[in-house]
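> Counting from 192, one number per residue, gives the positions in the sequence shown under our numbering.
Glycine included, each C-beta is placed from N, C-alpha and C at the ideal position.
Keep in mind the model is a prediction, meaning the values are calculated, not measured.
My structure is below; once you've seen it, I'll send some questions.
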Amino acid sequence: MAFSASRAPFFSPPSGTFRAGPGRRVASAPGKFTACHSPPPDVVLTRERGKNAKLIAALEKHNIQPLELPLIKHVDGPDTDKLSDVLRNDKFDWITVTSPEAAAVFLRGWKAAGCPKVRIAVVGAGTARVFDEVSLSDDQSLEIAFSPSKALGKVLALELPRGSEGPCKVLYPASAKAGHEIQNGLSNRGFEVTRLNTYTTVPVQDVEPLTLKLAVSAPVVAVASPSALRAWLNLVSQVDDWNNAVACIGETTASAAKTLGLKRVYYPTSPGLDGPEGVENEQPLYQMMELGS
């Protein structure tokens, strides 16, 4: 597995600083997070609660203690309610699904539409796993039929096969904040693309001061999307001279980090080899951190 960094290695904590044990955060009011005690964590995980369990387990096997600090939450997008009607009333050659969240939202709409026969193109194994329960069942109406050679949306747009020389229709259920790289790439190749913005993200606004103090003390923060990155930078704008390492889930988020002026940016250059991923690709963070241990 290869990694790219602005300088290497990026995680070289002193001997004895790793701490295994129970998680250090507890929830108080909705959207508000606090810490139950104060030793500094080794890495901050910023995805929504409930989506970090496998990564936390992997990190703790390596005695790397995470602090779970959700910075964004997913909510319905402007086209959420349209999805089931579109699936019920139209036929598509491909459904392109580029993240686990997009997959979960699509499945809800697909079931509401009566489970029509669909052929799915996914960006990476993590997104594909969301469909496992359905695709492995006796019901063959949902087929995972394509994944690109590299778990990136732009690669999917280049490699998605056409069924014939005639019109090839694609449904692209996406985050309202996703760029236009996939739909533009497919359109340039002659695909007819219908994009539905089925979900979006909003930042978590309220973080307990103690939790923020713990978070900014960590040598690494892990971010899984540009939205989470911007939420993190908004938080640390309250702190002078924060310049610790940012472990990005993939190239898209890393590019956003560099555009926003961050210097210590690290990401896997070969996404999709291990672990859950999507356009928001989740490589095993502990492997990245071991580069400097």
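1. Could you say which of VAL407, SER366, VAL321, VAL313 lies nearest to SER340 if we only look at CA atoms?
2. Quick one: give me the first and last residue of the beta strand (DSSP E) that ILE263 is part of.
3. Can you name, in chain order, every residue of its own chain whose Cβ lies under 7 Å from the Cβ of LEU377, other than the five neighbours on each side?
4. Helix, strand or coil for LEU258? Go by DSSP, reduced to three states.
5. Per DSSP, SER366 is paired with what?
6. Looking at the secondary structure, which residues open and close the alpha helix (DSSP H) in which PHE297 lies?
7. With respect to the alpha helix (DSSP H) encompassing LEU423, which residues constitute its N-terminal and C-terminal limits?
8. Would you tell me roughly how many angstroms separate the C-alpha atoms of LEU343 and GLY315, rounded to the nearest one?
9. Between which two residues does the alpha helix (DSSP H) harbouring LEU246 extend?
10. Helix, strand or coil, according to DSSP, for GLU399 in the structure here?
11. Return the bridge partner residues of GLU239 from the DSSP annotation.
12. Pick helix, strand or coil for ILE311, following the three-state DSSP scheme.
13. For ASP284, collect the residues of the same chain with a Cβ closer than 6 Å to its Cβ; drop the 5 residues on either side in sequence, then sort them by chain order.
14. Going by beta carbon distance, what residues of the same chain come within less than 6 Å of LYS223, once the five residues before and after it are set aside?
15. Check this for me: beta carbons of THR271 and VAL296, under 8 Å apart or not?
16. For ILE373, report the span of its alpha helix (DSSP H) as first-last.
17. Restricting to Cα atoms, I'd like to know which of ILE311, LYS345, VAL321 is closest to SER332.
So, from the data block:
1. Ranked by how close their Cα comes to the Cα of SER340, the residues VAL407, SER366, VAL321, VAL313 have VAL313 in first place.
2. From DSSP, the beta strand (DSSP E) with ILE263 extends over 263-267.
3. Cβ neighbours of LEU377 beyond the five flanking positions: ALA348, LEU351, VAL361, VAL384.
4. Annotated three-state conformation of LEU258 is strand, per DSSP.
5. In DSSP, SER366 forms a bridge with TYR390.
6. Per DSSP, PHE297 is one residue of the alpha helix (DSSP H) stretching across 291-303.
7. Reading off the sequence shown, one finds Trp at residue 423, where the question assumed Leu. Following the DSSP letters along the chain, one finds TRP423 inside the alpha helix (DSSP H) bounded by residues 417-427.
8. Approximately 8 Å, taken between the alpha carbons.
9. Element bounds for LEU246: 244-252.
10. In this structure, GLU399 counts as coil in the three-state DSSP scheme.
11. Note: GLU239 is not bridge-paired with any residue in the DSSP secondary-structure output.
12. ILE311: strand per DSSP, three-state reduction.
13. Around ASP284: GLY354, CYS359, LYS360.
14. Residue confidence for LYS223 is low, a pLDDT of 45 falling below 50, so the modelled location carries little weight; the figure read from the coordinates is stated next. ASP397.
15. Yes, the pair counts as a contact, with Cβ atoms nearer than the cut-off.
16. Per DSSP, the unbroken alpha helix (DSSP H) holding ILE373 starts and ends at 372-379.
17. The closest CA to that of SER332, considering only ILE311, LYS345, VAL321, is found on ILE311.
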